[in-house]
Structure formats: structure tokens, C-alpha cells
Amino acid sequence: MHKLSLNFKLTTINFIGAILFASCVGGTKSPETAYEQQSPDFCVDSAYLYVAAQCAFGPRVMNSAAHDFCAAYIAEKFEEFGASVVNQDAEGTLYDGTKVQMRNIVASYGLDNPVRIIVCSHWDSRPWADHDANADNHHTPIDGANDGASGVGAMLEMARQIQQKAPNVGVDFICFDAEDCGTPEWDDNGEDHSYTWCLGSQYWAGKHHVDGYTARYGILLDMIGGSNCVFEKEAYSMAYAPSVVDKVWSKAIRLGYGDLFKNANGGGITDDHVQVNMSGIPCIDIIARDANENSFCKTWHTVNDNVGNINKQTLKAVGQTVLEVIYTEN
Ligand code: AHN
Ligand code: ZN
């Protein structure tokens, strides 16, 4: 009898141990997290398909057919997932004077809800791989799987989840155009060219997609699908929206993604969130940097920024974290 009960206990312990072990395999979650997730599961395989679908059009560079076809794809996908979509068309001017036709795409849920959260990303891709190790590639347009498509792919998957179960807040997914056609490195004379980036969000900041629009806060997703990268607390985010940074980082850590979301201060980055902040809505940037070097991810502005280099663990961590923030907001 004694022996039997000892065996039973050992088996029970082994069984619990096996569950804890199994929950660690293949994921980044730590077994000690007791936090109970409030949001639906972010399906990273779906998000990955939406990234691949954008890249399949070819580089979404300004004034190209691929760009226009992808704009239609993004709007149609959001509509399929039950969103109300507004296209905001405008003309922009590149660093060299070239005129470009821009389209910001805004997909909204819960339009009657006065409490609104923005999730945003740019959707265009860089016309030049001007950071490529091979100078022969410096004028080649990039797929922008990580730099562009990753953020939109994650937003589409969040939209699919929201269609199935509405959160307590209204959500506006904003796809900004013409973020990534800032002055190329090979044409940089050393002056301040920050105004040549983020043309779509500059336009939106001056004229919101609907009159009188406002939101409680915004979260920008930029390069959220790379490998060997980490997320640090970006400096403009900390200056304009420190409580939003805290909210997002603490959710990420409670979900077990503390290996990616570092409790460290990063530098300030010229990005679409600066424009959202300028328009009076606090907004943070979740933007990856290389885990080992003081730079963006290895594929940044290179011809290697393609769907084969998308890292599902990173994409999942960010997608689930932002969903959790949305579903815990009241
Ligand atoms: C600059 O390099 C000036 N800003 C980085 C913003 C960016 C570019 N994000 C993606 N591509
Ligand atoms: Zn870029």
C-alpha cells in the first residue's frame, strides 16, 4: 500500500513535469508564467501567409503596379474580415522631386465606440537596397517582408481575430504609405533628410482620414518579423507615450516574451509614430534591432529582406502581445 502510493506520487510528478516540459518545447514561453492570457490566440501561420501574399506582388514601391495591386489586396482582406475601410489618397514628393501617388489604408472596428486604439504599420517597400553588402544591389527594390509586410500581416491576423470576438475598444488599423522612400544612402549629402521619410503618415497627421478623429493611443509595428533581434524602449515612444510602452512591455513579459522585449532604453528613430504623436495622439514604436549589433536587423534595406527570412517566433510574440493589449483595454 505504501509502495503503491509512492509510485502514484512519482507518476503524478512525472506527469506534471511532462506538461511543463511540453509547454516549453518549440516556444519562447517560460513555464513559471502564471498569467492567464485574455486575448484569442494569434495564429502566426495566418499572419505569415498574409506577409507572403504581399511579397508575392513584388516590391510595393511607389508608382508601381505591384504597389497598387497590393493596396487593393490589403483593403479587400480587411473588408473580408469585417472592417470598415477608408482609403486616403494623396500626392507626395520624394527627396529628388519625384511625385508619387500615396494611399493610406484605414480599417476600423467598432466605429460607434468612442474609445479607440490605433495599430499601425507602413505597407510600402523600399525602392532601393541601399544598405546591401553588395553595391550592385543598391538600386534594386526590396520585397520588404520584414520592413513593411510583417506589420501589415500581423494587423490582418489581429483583424481576423477581432471579427470573431470583438474587444471592448474600437480599433483602427492604419497602413501608412510612402514611409520607406527616404533619401537613399548613395544620394545622401549629410544634411537632415528625416522629412523625406514617412510621407504617408506626415499627410495623415495633417489631415486625419475622418474629421475630428482621435484615439486613446497608437502602437506602430515596424520590422516585427526578423531573426536574432530584440525590442528596446524606443526614445520618442518613451518621451511621448511612456505609459503605453510600460503597458505593452509588461504584457509581453507576462506572456513570456521577455527574451525579446528588453527592459532597456533604445535610441530615437524617425518613424511613422513620430507623426502620429505630432497629430496629438500618443504613439509608441515596436521596432526591432539586431540582438548583437547596434543596428537594425541584418536584412534591413537589403535584397535579403524576403519572406524566407521571416521568423515566426518574433512575429508571434509581437502579434500576441498587441492582441493582449487590445483585449485588456476597457
Ligand atoms: C531611418 O532610417 C531614418 N528611419 C528608420 C525608419 C524605417 C525605415 N523603418 C523601416 N525602414
Ligand atoms: Zn525601411
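Under this note's numbering, the residues of the sequence shown are numbered 337 to 666, in order.
Backbone N, C-alpha and C fix where the C-beta goes; we use that ideal spot for every residue, glycine too.
Hey, is residue i close to the ligand ZN, as in C-beta under 6 Å from one of its heavy atoms?
i: Arg462; result: yes
i: Asp483; result: yes
i: Asp729; result: Residue 729 is absent from the model: the chain starts at 337 and stops at 666.
If you follow the alpha helix (DSSP H) that residue i is part of, which residue opens it and which one closes it?
i: Leu492; result: Ser486 to Gln500
i: Phe414; result: Ala401 to Glu416
i: Asn599; result: From DSSP, Asn599 is part of no alpha helix (DSSP H) but of the beta strand (DSSP E) over Phe597 to Asn601.
i: Gly542; result: Leu535 to Gly542
i: Gly655; result: Lys648 to Tyr663
i: Ile589; result: Pro578 to Arg590
i: Met614; result: Asp608 to Met614
Taking 7 Å as the threshold (C-beta atoms), are residue j and residue i in contact?
i: His637; j: Ala465; result: yes
i: Ser461; j: Arg396; result: yes
i: Val451; j: Val422; result: no
i: Ile555; j: Val581; result: no
i: Asn640; j: Trp540; result: no
i: Tyr663; j: Pro503; result: yes
i: Asp608; j: His467; result: no
i: Asn449; j: Gly518; result: no
i: Cys565; j: Ala514; result: no
i: Gly561; j: Asn647; result: yes
i: Cys511; j: Ile623; result: no
i: Ala485; j: Cys379; result: no
i: Ala495; j: Ala389; result: no
Under the criterion of a Cβ to heavy atom distance below 6 Å, does residue i qualify as lining the ligand AHN?
i: Thr638; result: no
i: Asp524; result: no
i: Trp459; result: no
i: Asp472; result: no
i: Asp595; result: no
i: Asp528; result: no
i: Asp607; result: yes
i: Asp641; result: no
i: Asp558; result: yes
i: Trp671; result: The question about residue 671 has no answer here: the residues shown for the chain are numbered 337 through 666.
Start and end of the beta strand (DSSP E) containing residue i?
i: His458; result: Arg452 to His458
Going by DSSP, which residues form a beta bridge with residue i?
i: Ala624; result: Phe567
i: Gln390; result: DSSP output for Gln390 lists no bridge partner at all.
i: Arg439; result: Asp425
i: Ser444; result: Ser420 and Asp508
i: Gly554; result: Ile454 and Cys619
Any chance the region 397-404 sits against the region 487-500, with 3 or more Cβ pairs inside 8 Å?
-> Contact between the region 397-404 and the region 487-500 is absent, because fewer than three Cβ pairs lie under 8 Å.
Touch test, the region 591-606 against the region 646-656, Cβ-Cβ under 8 Å, three pairs minimum | A contact exists between the region 591-606 and the region 646-656.
Quick one: any contact between the region 419-433 and the region 528-540, if contact means 3 or more CB pairs under 8 Å?
-> Output reads yes: the region 528-540 touches the region 419-433.
Any contact of the region 572-579 with the region 542-550, i.e. 3+ C-beta pairs under 8 Å?
-> no
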